[in-house]
Amino acid sequence: MNVCPRMWMKADSSLLTHGKPMFKPDFTTEMSAVPYMALRISRMGKSIPARFAHRYYDAVGVAVDFTAEDVLRQLQSKGEPWDMAKSFDGAVCLGDWQELRDEETRWEVSANAFSLSLFINGTKRSTLCINDLKAEAGIVIEQVSRFFTLRQGDILLMGQAERRPLVEIDDHIEGILNERRLTKFNVK
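If you're matching positions, the sequence shown starts at 82 in this note's numbering and goes up one per residue.
Spelled out as structure tokens, the structure:
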């Protein structure tokens, strides 16, 4: 059996929206931030073939995913699940959505490359490039929907950047998608 790549679920309390500040948890001293491409699922589906996956999302965005790195190392060393390090309250900050309104627009957008950048205090700290959204989203949706039913409003994060810069209290964070700022917030 071909198993899906590493993935994890997030509690609904881990999602922050509307530019609300992210409060650094008191149980970690080392927290990283990573930009992801976010896909908003627009209809219910299970076992979705990659060639039809573009029918199941209607918007893209930038998500900033936080990890308690010190907690993650402890959990990994014990072979335990990563939830405490990855799914705490406010662990994902999501900005505005870039709508993909109709089939024509969706095809046009999917043919373009996407560049996501994470700025911390005005300095670019991490970048993620997605060369073919339709192909990459198709793979992710096909694999995830083998295990989980996708429902309208679900959010999939895809394409983890290589750099995982550390963040501190009072940092200002911005997520840029193709030169358009889609998220900004502060760490408190």
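Yeah, the Cβ is synthetic: ideal placement off N, Cα and C, and Gly gets one too.
These numbers come from a predicted model, not from an experiment.
- Under the three-state reduction of DSSP output, residue 177 falls in the strand class.
- For the options 207, 219 and 165, the alpha carbon positioned closest to that of residue 137 is the one of 219.
- Residue 163 has its alpha-carbon roughly 20 Å from the corresponding atom of residue 97.
- In chain order, 237 and 239 place their CB closer than 7 Å to the CB of residue 221, counting only its own chain and leaving out the 5 sequence neighbours on each side.
- Distance check between residue 230 and each of 117, 125 and 196 places 125 closest, using alpha-carbon atoms only.
- Annotated as distal: residue 114 and residue 257, with beta-carbon spacing of 8 Å or more.
- DSSP places residue 168 outside both helix and strand once states are collapsed to three, so it counts as coil.
- Under the three-state reduction of DSSP, residue 93 is assigned to helix.
- Taking the Cα positions, residue 206 is about 9 Å away from residue 247.
- A distance below 6 Å between beta-carbons, with the five flanking residues on each side excluded, links residue 194 to the following residues of its chain, in chain order: 212.
- Runs of the beta strand (DSSP E) lying entirely within the stretch 199 to 246, each at least 3 residues long, are 204 to 211 and 236 to 239 in chain order.
- For residue 233, same chain residues with a beta-carbon under 7 Å away, outside a window of 5 residues either side, are 122, 123, 124 and 125 in chain order.
- For residue 252, the closest alpha carbon among the candidates 265, 168, 244 and 148 is that of 265.
- In the structure shown, residue 158 falls within a helical segment according to DSSP collapsed to helix, strand and coil.
- Comparing C-alpha distances from residue 106 to each of 226, 173, 215 and 90 shows the shortest one belongs to 173.
- Assignment of residue 124 by DSSP, reduced to helix, strand and coil, places it in the coil class.
- According to DSSP, residue 261 shares a beta bridge with 258.
- For residue 129, the number of other beta carbons within 10 angstroms of its own is at least 16, and it is reported as buried.
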